[in-house]
Amino acid sequence: MMKVYEELKFENPDGGAWKQGWRVTYPEGKWNSDNLLHVFVLPHSHTDPGWVKKYMDYYTQQTKPILDNVLNFLSADPRRRFIYAELSFFSLWWESLSESRKQQARKVLRNGQLEIATGGWVMNDEANTHYAAMVDQLIEGNQYIHAVSGFAPRSGWAIDPFGHTPTMAYLLNRSGVKGMLVQRVHYAIKKHLARSQNLEFMWRQLWDKDGSSDTLCHVMPFYSYDVPHTCGPDPKICCQFDFARMSPGRYNCPWRVPPQAITEGNVADRAAMLIDQYKKKASLYRSNALFIPLGDDFRYDQAEECERQFNNYQKIFDYLDKNPQLGVKAQFGTLSEYFDKIHELSGSEPGSRPREYPVLTGDFFTYADKNDHYWSGYFTSRPFQKQMDRNIETNLRSAEIAFSLAAVYQRKHRLSGFPEDQLMRLLVEARRNLGLFQHHDGITGTAKDFVVVDYGERSERGITLSSLCYIYKVREGDNSQFFVLYIFT
Ligand SMILES: [Zn+2]
Numbered sequence: 001m002m003k004v005y006e007e008l009k010f011e012n013p014d015g016g017a018w019k020q021g022w023r024v025t026y027p028e029g030k031w032n033s034d035n036l037l038h039v040f041v042l043p044h045s046h047t048d049p050g051w052v053k054k055y056m057d058y059y060t061q062q063t064k065p066i067l068d069n070v071l072n073f074l075s076a077d078p079r080r081r082f083i084y085a086e087l088s089f090f091s092l093w094w095e096s097l098s099e100s101r102k103q104q105a106r107k108v109l110r111n112g113q114l115e116i117a118t119g120g121w122v123m124n125d126e127a128n129t130h131y132a133a134m135v136d137q138l139i140e141g142n143q144y145i146h147a148v149s150g151f152a153p154r155s156g157w158a159i160d161p162f163g164h165t166p167t168m169a170y171l172l173n174r175s176g177v178k179g180m181l182v183q184r185v186h187y188a189i190k191k192h193l194a195r196s197q198n199l200e201f202m203w204r205q206l207w208d209k210d211g212s213s214d215t216l217c218h219v220m221p222f223y224s225y226d227v228p229h230t231c232g233p234d235p236k237i238c239c240q241f242d243f244a245r246m247s248p249g250r251y252n253c254p255w256r257v258p259p260q261a262i263t264e265g266n267v268a269d270r271a272a273m274l275i276d277q278y279k280k281k282a283s284l285y286r287s288n289a290l291f292i293p294l295g296d297d298f299r300y301d302q303a304e305e306c307e308r309q310f311n312n313y314q315k316i317f318d319y320l321d322k323n324p325q326l327g328v329k330a331q332f333g334t335l336s337e338y339f340d341k342i343h344e345l346s347g348s349e350p351g352s353r354p355r356e357y358p359v360l361t362g363d364f365f366t367y368a369d370k371n372d373h374y375w376s377g378y379f380t381s382r383p384f385q386k387q388m389d390r391n392i393e394t395n396l397r398s399a400e401i402a403f404s405l406a407a408v409y410q411r412k413h414r415l416s417g418f419p420e421d422q423l424m425r426l427l428v429e430a431r432r433n434l435g436l437f438q439h440h441d442g443i444t445g446t447a448k449d450f451v452v453v454d455y456g457e458r459s460e461r462g463i464t465l466s467s468l469c470y471i472y473k474v475r476e477g478d479n480s481q482f483f484v485l486y487i488f489t
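Spelled out as structure tokens, the structure:
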């Protein structure tokens, strides 16, 4: 990437329908019944644990209804899929479920309909965060989902952090992830990579000489993760395939052409429009597999929206199945299913390098989403909170070490009175509060003031809690050993 940053002129010519790109074309007949384009459409909902609302308000008002809906709609039809990432919300939801609903949720996790991606407590910021806190929140989330359901994440999903670091690729790789997706990359870099079909690559650490930690990475090509910017290069067309924007409804299309419900009478025309976008998007990538996210911020919170999206898309998929000469096999599919298809088509194993895929080193900072709108202010904004974050990390780590030593000591000497379970619960709470602040609207400073106050209060509790077992002393005398654990409340 260093070479790219040096050589690229970072110009911003008007590309037409794809404003930051160019007029994409593809050879007529490239995809046909003998050479299918395999399209994986993946419903998603981006749920920030704090941004313009506080964490708990987002949960009760929006996120809980989303996860309830998703479970109902996935259970009703095994062809449906969904991806979800924020364990801070998922854990609250899980604790609210009855045992039978938990069984239902375990089933859709086990059969691959619901994919938990990354497994982080949050979708962490990648610029201000210290790697130790990134690891900590990754462990907290991964352990939680594994403990309650046995699920282990295989794919990384980072659609909203404001720039991306190779450190995240490394941590994901070491946590067992085989492929990852990133979105907020400078528009000129996206265009540069798309020109040479290099939007998918093996992301290598600068220090890694043999590529042993290479991770398959997919960069989304267009401006945003909403539906207008994910089906293909023309947002005016793609918006018509966000069926949540059908009239009457809460959302609409700024390009002033609303979606139409799919019927027997219009399916041929609508499918032709959509697969033209799919084929244009596919021409930016090397593989005959294509990934299409289908969602936006806090989507699927109403049953009607779920119904519109799942049912209208299924009608298009069914039509394409009956018409293989169109060259597209489309279905709902998770990110892991998409990555698996890439490997299947290239004859490679998950975790290894697909045939002819490039290797990339370096990072994706500083991000600009359009014109000269550089996202660099958040590197230094709200410095008090950024400093407090580091202080809490120090306290928490010290507390964890002190706790471990004390626990081992009391077990070895069979001492009674050490409140191990109680302290463990407090440590977990402190970890989760610190984890929450690693969210890309937390430590970055991009949340509203009252949300920042909420984070502050939670973190303050974290300081107190971690101080509970911070001071630990072991003295070894001639004949006696004792330890003192000071508890501050
Ligand atoms: Zn976000």
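Following the UniProt record's numbering, the numbering of the sequence shown begins with 1 at its first residue and continues without gaps.
Backbone N, C-alpha and C fix where the C-beta goes; we use that ideal spot for every residue, glycine too.
Nearest residue (CA-CA) to residue 292, options 411, 256, 81: The shortest C-alpha to C-alpha distance from residue 292 to any of 411, 256, 81 is the one to 81.
In chain order, each beta strand (DSSP E) run of at least 3 residues that lies wholly inside the region 224-291: Assignment of beta strand (DSSP E) within the region 224-291, counting only whole runs of 3 or more residues, yields no such run.
I need the DSSP call for residue 10, collapsed to helix, strand or coil. coil
Are there 16 or more other CB atoms within 10 angstroms of the CB of residue 489, so buried, or fewer, so exposed? Any answer about residue 489 is weak, because its pLDDT of 33 lies below 50 and its placement is not dependable; what the coordinates show is given next. That one is exposed.
Under the three-state DSSP convention, the category residue 294 falls into: Residue 294 falls in the strand class under three-state DSSP.
Taking the straight line between their C-alpha atoms, what separation do you get for residue 90 and residue 27? Straight-line Cα distance between these residues: approximately 44 Å.
Which residues are close to ligand 1, meaning CB closer than 5 Å to any heavy atom, in chain order? Those residues, listed in chain order, are 48, 160.
How would you call residue 322, buried or exposed, if buried means at least 16 neighbouring beta carbons within 10 angstroms? Its Cβ having fewer than 16 others within 10 Å, residue 322 is exposed.
My output table needs one value for residue 443: the three-state DSSP class, helix, strand or coil. coil
Can you name, in chain order, every residue of its own chain whose Cβ lies under 8 Å from the Cβ of residue 404, other than the five neighbours on each side? Hits under 8 Å: none found.
Using a Cβ-Cβ cut-off of 8 Å (strictly less than) and excluding sequence neighbours within five positions of residue 450, which residues of its own chain qualify? 54
Sorted by chain position, which residues of the same chain lie with C-beta nearer than 6 Å to residue 481's C-beta, five sequence neighbours on each side aside? Interpretation of residue 481 is limited by its pLDDT of 42, a score under 50 that renders its predicted location unreliable; the figure taken from the coordinates is listed afterwards. So the list is empty, once near-sequence residues are dropped.
Rounded separation between residue 127 and residue 61 - CA only: 30 Å
Contact check, residue 239 vs residue 278, beta carbons under 9 Å: no
Who are the near neighbours of residue 549 in its chain, counting only those whose CB is closer than 6 Å to its CB and skipping five residues on each side? Lying before the first or after the last residue shown, residue 549 is absent from the chain, which here runs from 1 to 489.
Would you check if the distance between the CB atom of residue 332 and the CB atom of residue 79 is smaller than 9 Å? yes
Distance between beta carbons of residue 66 and residue 300, contact taken as under 8 Å: Their Cβ separation, rounded to whole angstroms, is 5 Å, which keeps residue 300 and residue 66 in contact under 8 Å.
Pick out whichever of 191, 188, 166, 192 has its Cα sitting closest to the Cα of residue 181. 166
Mind listing, in chain order, the continuous alpha helix (DSSP H) runs of no fewer than 4 residues lying wholly within the region 134-213? Counting only runs of at least 4 residues, the region 134-213 fully encloses the following alpha helix (DSSP H) elements, listed from N- to C-terminal order: 166-174, 187-195.
For the beta strand (DSSP E) holding residue 356, just list the boundary residues, first then last. Note, residue 356: premise wrong, no beta strand (DSSP E); not H, not E.
For residue 388, tell me which candidate among 214, 434, 25 has the shortest Cα-Cα distance. Here the closest residue by C-alpha is 434.
Quick check on the DSSP output: the alpha helix (DSSP H) that includes residue 64 runs from which residue to which? DSSP places residue 64 inside the alpha helix (DSSP H), whose first and last residues are 64-76.
Here's a check: name, in chain order, each residue in its chain whose Cβ is nearer than 6 Å to the Cβ of residue 48, leaving out the five neighbours to either side. 441
Measure the beta-carbon distance from residue 320 to residue 201 and round it to whole angstroms, keeping in mind my assumption that it falls under 8 Å. Contact flag wrong, Cβ pair sits at about 29 Å.
Measure the C-alpha to C-alpha separation of residue 258 and residue 219 and round it to an integer number of angstroms. 28 Å
On the criterion of 16 or more Cβ atoms from any shown chain inside 10 Å, does residue 373 qualify as buried, or is it exposed? exposed
So, for residue 329: in the same chain, excluding its five sequence neighbours on each side, which residues have a beta-carbon less than 8 Å away from its beta-carbon? 36, 37, 38, 39, 320, 321
May I ask you to report which of helix, strand or coil DSSP gives residue 24? coil
With a threshold of 7 Å on Cβ separation, who are the neighbours of residue 470 within its own chain once the five nearest residues in sequence on each side are excluded? Per-residue confidence for residue 470 stands at a pLDDT of 45, beneath the threshold of 50, marking its modelled position as unreliable; the derived number appears in the next sentence. So the list reads 395, 398, 399, 402, once near-sequence residues are dropped.
Do residue 438 and residue 118 have their C-beta atoms within less than 9 Å of each other? no
Tell me which residues share the same chain as residue 280 and place their Cβ nearer than 7 Å to its Cβ, disregarding the 5 neighbours each side in the sequence. 24, 26, 232, 233
Three-state secondary structure (DSSP) of residue 470: With a pLDDT of 45 at residue 470, under the threshold of 50, the modelled position of this residue cannot be trusted; read the value that follows with caution. DSSP places residue 470 in coil when its eight states are reduced to three.
Would residue 105 pass as a contact of residue 114 if the rule is Cβ separation under 9 Å? yes
Opposite residue 83 in the DSSP bridges: which residues? Beta-bridge annotation (DSSP): residue 83 is paired with 44, 115.
Distance CB(residue 223)-CB(residue 12) smaller than 9 Å: no
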